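Residue numbers for the sequence shown follow this note's numbering, beginning at 32 and rising by one.
We put the beta carbon where it would ideally sit given N, CA and C, even for glycine.
Treat the numbers as computed from the prediction; the structure is a model and nothing was measured.
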Amino acid sequence: DLGFRISARGYKILLEPKAKCYHYNRTNVKAYFKQQLQYGKNTLKLYFKHHELIKGDEITDIGMNVQPLIILSSIFFFILGLVDFLRPLWLFSFGLIFSLFIYFLFSAIKLSMRFSDKTALLLIILYFVRAIAWSTGAVISAIKYLLGKNGEN
């Protein structure tokens, strides 16, 4: 929100290559999920406040922004498919997840080739963890928003 407000007022955020930046990497998948869950909660709040951000930017593109929608749609169609005559919706649900897998695979291959590192292909797992965490965070924020508890985490 701060970066958006700075830019909206006409100021620029510049990169200082000599600046030291400290970044805390999560040490396990559970900690990463928790971090991304919070990100998902806050991102939805940010979209409620600044609708135009949903289109994406240089860091979080539209492909990343639609991932929670794809995950949640897949779950929705899977649940609908539990009804016998709606069972074909499972194929649609699977198709959505498969398309997300292809997107993640392409992203991981691109990074793997860029850095000549085959272990980058493991990012596919983290991409799914991130998308599920974002989706969960978005649902939590949406429910709290609808219940009038939009200031709480």
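Let me confirm a value: residue i is counted as buried when at least 16 other C-beta atoms fall within 10 Å, else exposed. Which label applies?
i: isoleucine 93; result: exposed
i: arginine 161; result: buried
i: isoleucine 102; result: buried
Among the candidates the options, whose CA atom is the shortest distance from the CA of residue i?
i: asparagine 59; options: Phe116, Tyr53 and Gln67; result: Gln67
i: isoleucine 106; options: Ile44, Ile163 and Gly87; result: Ile163
i: isoleucine 171; options: His54, Arg36 and Gln69; result: Gln69
Between residue i and the rest of its own chain, which residues show a CB-CB distance below 6 Å, the 5 nearest in sequence each way excluded?
i: phenylalanine 135; result: Ile155 and Tyr158
i: leucine 152; result: Ala139 and Ser143
i: proline 99; result: Trp165, Ser166 and Ala169
i: tyrosine 63; result: Arg57
Distance check for residue j and residue i, CA to CA, integer angstroms please.
i: glycine 34; j: glycine 71; result: 17 Å
i: leucine 75; j: isoleucine 90; result: 16 Å
i: leucine 111; j: leucine 117; result: 6 Å
i: alanine 39; j: asparagine 96; result: 21 Å
i: lysine 149; j: valine 114; result: 42 Å
So, for residue i: in the same chain, excluding its five sequence neighbours on each side, which residues have a beta-carbon less than 7 Å away from its beta-carbon?
i: phenylalanine 109; result: Trp121 and Ser124
i: phenylalanine 79; result: Tyr176
i: glycine 179; result: none
Between residue i and residue j, which are expected to be in contact by the criterion C-beta below 8 Å, what is the C-beta distance as a whole number of angstroms?
i: leucine 256; j: serine 104; result: Nothing about residue 256 can be reported from this structure: the residues present for the chain run from 32 to 184 only.
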